[in-house]
Amino acid sequence: MDTNKIKLKGIVPPESKRLMGHPELVVSVRDYTTYQFKAYGKTSRYFRALAEKHKIYATRCKKHGVFLPPRPYCPDCQSPDMEWVDYTNQPAHVKTSSICNFAGRAFLDETPFILGFIQIGEAKTVMSSVVKLSEDQTENTRMLNKLMSERRYFELNGLKVEPRFTEKPMYTVRDLWFQVVDKKFLDSLKE
Amino acid sequence: MVGKPLVSIISAGLSKFGRIEGVYARELFAEAAREAFEKCPNLEPKKDIKALFVGQMGESYEHQGHTGPTVSDWAGLTPIPATRVENACSSSAVALRCGVFAVLSGLGDVVMVGGVEKMTHRSTADVTEYLAMASDFPYEQWHGMTFPGLFALVATAHMHRYGTTEEQMARVAVKNHHHGVLNPKAHMQKEVTLEQVLASRVVAWPLKLFDCSLITDGASCLILTKPELARKFTDTPVHIVGSGQASDTIGLYEREDFTTLNAGKLAGKEAYKMAGVKPKDIDVAEVHDCFTIAEIVAYEDLGFCDPGKGGSLVEDGVTALGGKLPVNTSGGLKAKGHPVGATGTAQAYEIYLQLTGQAEKRQVDGAEIGLAHNIGGLGGTGTVHVFRRG
Chain D
1 MDTNKIKLKG IVPPESKRLM GHPELVVSVR DYTTYQFKAY GKTSRYFRAL AEKHKIYATR
61 CKKHGVFLPP RPYCPDCQSP DMEWVDYTNQ PAHVKTSSIC NFAGRAFLDE TPFILGFIQI
121 GEAKTVMSSV VKLSEDQTEN TRMLNKLMSE RRYFELNGLK VEPRFTEKPM YTVRDLWFQV
181 VDKKFLDSLK E
Chain X
1 MVGKPLVSII SAGLSKFGRI EGVYARELFA EAAREAFEKC PNLEPKKDIK ALFVGQMGES
61 YEHQGHTGPT VSDWAGLTPI PATRVENACS SSAVALRCGV FAVLSGLGDV VMVGGVEKMT
121 HRSTADVTEY LAMASDFPYE QWHGMTFPGL FALVATAHMH RYGTTEEQMA RVAVKNHHHG
181 VLNPKAHMQK EVTLEQVLAS RVVAWPLKLF DCSLITDGAS CLILTKPELA RKFTDTPVHI
241 VGSGQASDTI GLYEREDFTT LNAGKLAGKE AYKMAGVKPK DIDVAEVHDC FTIAEIVAYE
301 DLGFCDPGKG GSLVEDGVTA LGGKLPVNTS GGLKAKGHPV GATGTAQAYE IYLQLTGQAE
361 KRQVDGAEIG LAHNIGGLGG TGTVHVFRRG
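Same order as they appear, the protein sequences are chains D and X.
Each residue of the first sequence is one higher than the one before, starting from 1 at the first, in this note's numbering.
Each residue of the second sequence is one higher than the one before, starting from 1 at the first, in this note's numbering.
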């Protein structure tokens, strides 16, 4: 059977199409789909609060402090005695950052976007999160391109940010993002 | 005094690295195995080899799991026990450690270890997504975090704290590409200039295309035995004198310091201690340069220089061929290529060549002691081995 004549459904990778013209090779393509399905266990409460209450919940161990993202057991002493605390209004800033100009297929059309590590209040760990300069994607992209073209590498690090929540939650970390609120910095990226 | 040998490498094999079209992973592994067998005529593979440990990161590339029996069959080794080891980009360095354990435990006198990955038939977006599986799922993957993105977070933190520059990172790429030209099995045998690296397309700012290692197909393997049996098989064994491994949190966000990879640092300390050597004793090293910033961090974590000085080490030419401590003479992950599961034992293969005088144009004269440093994911795993000429 001539594999070049098999009718394919779904996404056909261009690489496979090219190889199919090869006289000595048999190339097989099937449209397998992997569907992401996972449960968040004891940290479900965190994702529910993001999506439904627009709140950021952390967990606190009496001995070892606050963990955000929350840990159901203390990473330092394995105690299950963790208290849930509301960390929504704690001061937040960018600890380190990057601008992703390329991504896996699921996020490709959102590039470029900033991924930052956000220090919130006294939390012992940082939150990895999308950081935006503007809510408007076109404007955000323009500002990012300006930042990159001027090679202002780590100016994002240290900036004050505030949490924002998506209107249509997906029950993933993307339900939360952070907006840069440093006016002087934002002004420096104006047209 | 250099520590006593744990095990000895009697042979090693490496498939051609690159965009190898129209084959699947098991064929690549068989190619590497064939080289190792041919190099060691005193070995009867089917009779002598008692176990196989093979590193492979992802079953998604070919929708093929259960890699142990798959590749052992194609290497002609069935029915020996064959086990897949998965520790992201450090899979085969950990497979090597499993081989060390197996020989030391007395379960088998001769053991084969190796690794394989077939990646280039998938689109770059797919590969990026599969690789990201080695990062934390709820808080990193679902942000659209990629490995270039994660290492870029390390890069900006390093630049911020130590003043490391884009040019210094670019020099790692220039150096490793130059080494790659001298390696006939390297994926990319092409020089690049500093200007080309700096002008290349941004992948995850400040990392550009030429700061990133390659998506590559390839396989590698080593054959290990007890030191006292090594001379039965070869006149030029290489001894493993130190082996260290450590872990860190899967998420980078849970760490205190973003400018160092602690697992790599701890693995190095353990390996140095076991080997009874100091960083200054190392003659040649292969380090995990999945991104140029990672090589700079590796210099610091392995004690080749003080924290924050990695950038100037490469600038001063210390780690280039002809320098005091040549690093990544194979071209590294940057130019030789990074078939994820094969990388750990491919690094050991290069050190094996260097210590047995088989590295041809890239030979480091009189190399006695070598080191291989392999990082899994974003330093969730760190593995370091120290080697000595037999």
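All residues carry an ideal CB built from backbone N, CA and C; glycine is no exception.
{"Item": "MET119 (chain X), DSSP secondary structure in three states", "Value": "coil"}
{"Item": "Buried/exposed call for PHE102 (chain D), threshold 16 Cβ in 10 Å", "Value": "buried"}
{"Item": "Chain D residues whose Cβ lies nearer than 8 Å to that of PHE147 (chain X)", "Value": "Chain D residues near PHE147 (chain X): none, gap ~10 Å exceeds 8 Å."}
{"Item": "CYS77 (chain D) versus LYS124 (chain D) - alpha carbon distance", "Value": "14 Å"}
{"Item": "8 Å Cβ cutoff, PRO138 (chain X) in contact with chain D", "Value": "yes"}
{"Item": "Nonlocal neighbours in the same chain, by C-beta distance under 6 Å from GLU270 (chain X), ignoring five residues either side", "Value": "GLY244"}
{"Item": "Beta-carbon contacts of LYS324 (chain X) that lie in its chain and below 8 Å, excluding the five residues immediately before and after", "Value": "VAL318"}
{"Item": "Contacting residues, own chain, Cβ-Cβ under 6 Å from GLU162 (chain D) (five flanking each side not counted)", "Value": "GLN179 and VAL181"}
{"Item": "Test: MET1 (chain D) CB closer than 8 Å to a CB of chain X", "Value": "In this prediction, MET1 (chain D) has a pLDDT of 44, which is less than 50 and means its spatial position is unreliable; what the coordinates show is noted afterwards. Not closer than 8 Å to any Cβ of chain X, the Cβ of MET1 (chain D) fails to qualify, so no."}
{"Item": "Nearest-angstrom Cα separation, counted from ALA170 (chain X) out to ARG122 (chain X)", "Value": "27 Å"}
{"Item": "Partners in chain X for ASN101 (chain D), counting only beta-carbon separations shorter than 7 Å", "Value": "VAL202, VAL203, ALA204 and TRP205"}
{"Item": "Where GLN64 (chain X) falls: helix, strand or coil (DSSP)", "Value": "coil"}
{"Item": "Beta-ladder partner(s) of ILE296 (chain X), from DSSP", "Value": "In DSSP, ILE296 (chain X) forms no bridge with anything."}
{"Item": "C-alpha distance - HIS179 (chain X) paired with TYR40 (chain D), whole-angstrom precision", "Value": "46 Å"}
{"Item": "Contacts that GLU162 (chain D) makes with chain X (C-beta to C-beta distance below 7 Å)", "Value": "The contacting residues do not exist; GLU162 (chain D) stays about 18 Å from chain X at best."}
{"Item": "GLY382 (chain X) in three-state terms, based on DSSP", "Value": "strand"}
{"Item": "Length of the line joining the Cα atoms of PRO45 (chain X) and ASP281 (chain X)", "Value": "35 Å"}
{"Item": "Short Cβ contact (8 Å threshold) for ALA88 (chain X) with GLY376 (chain X)", "Value": "yes"}
{"Item": "For LEU96 (chain X): DSSP bridge partner residues", "Value": "Looking at the DSSP assignment, LEU96 (chain X) forms no beta bridge with any residue, so it has no partner."}
{"Item": "Cross-chain neighbours of VAL173 (chain D) in chain X, by beta carbon under 7 Å", "Value": "PRO138, TYR139, TRP142 and HIS143"}
{"Item": "Rounded Cβ spacing between HIS201 (chain X) and LYS208 (chain X) (contact assumed at less than 8 Å)", "Value": "The sequence given here places Arg at residue 201 (chain X); His does not occur at that position. At roughly 6 Å, the Cβ-Cβ gap stays under 8 Å, so ARG201 (chain X) and LYS208 (chain X) are in contact."}
{"Item": "Within-8 Å CB hit, LYS17 (chain D) to chain X", "Value": "no"}
{"Item": "Neighbour list for LEU186 (chain D) in chain X, Cβ cutoff strictly below 9 Å", "Value": "Those within 9 Å of LEU186 (chain D) in chain X number zero; the least Cβ separation is about 18 Å."}
{"Item": "GLU135 (chain D) to MET127 (chain D) span [Cα, whole Å]", "Value": "20 Å"}
{"Item": "Rounded separation between MET1 (chain D) and HIS338 (chain X) - CA only", "Value": "Here MET1 (chain D) scores only 44 on pLDDT, less than 50, and its place in the model should not be relied on; the value that follows carries that caveat. Cα to Cα, MET1 (chain D) sits roughly 36 Å from HIS338 (chain X)."}
{"Item": "Enclosing beta strand (DSSP E) for SER44 (chain D) [first to last residue]", "Value": "Careful: SER44 (chain D) lies outside any beta strand (DSSP E), inside the alpha helix (DSSP H) at 44-48."}
{"Item": "Closer than 7 Å at the beta carbon, the chain X residues around ARG105 (chain D)", "Value": "ALA125, ASP126 and GLU129"}
{"Item": "N- and C-terminal bounds of the beta strand (DSSP E) containing ASN140 (chain D)", "Value": "Not the beta strand (DSSP E): ASN140 (chain D) falls in the alpha helix (DSSP H), residues 137-149."}
{"Item": "Proximal residues to LYS16 (chain X) (C-beta, below 8 Å), its chain only, five neighbours per side dropped", "Value": "GLU31, LYS185 and GLY218"}
{"Item": "Own chain, CB closer than 8 Å to ASN72 (chain D), minus 5 neighbours either side, in chain order", "Value": "At residue 72 (chain D) the sequence reads Pro, which differs from the Asn that was named. Closer than 8 Å at the Cβ level, and outside the excluded window around PRO72 (chain D), lie GLY41, LYS42, THR43, THR59, PRO80 and MET82."}
{"Item": "ALA152 (chain X) classed as buried or exposed, judged by whether at least 16 other C-beta atoms fall within 10 angstroms", "Value": "buried"}
{"Item": "Start-end ranges of the beta strand (DSSP E) lying completely within the segment 74-120 of chain D, minimum 3 residues", "Value": "82-86, 92-100 and 113-120"}
{"Item": "Within-8 Å CB hit, PHE258 (chain X) to chain D", "Value": "yes"}
{"Item": "Length at least 3, wholly inside the segment 152-216 of chain X: the beta strand (DSSP E) runs in chain order", "Value": "202-205"}
{"Item": "Chain-order list of residues whose beta-carbon lies under 7 Å from that of GLY76 (chain X) (same chain, five-residue window excluded)", "Value": "PRO45 and LYS46"}
{"Item": "Under 7 Å from the C-beta of GLU254 (chain X): neighbouring residues of chain D", "Value": "THR125"}
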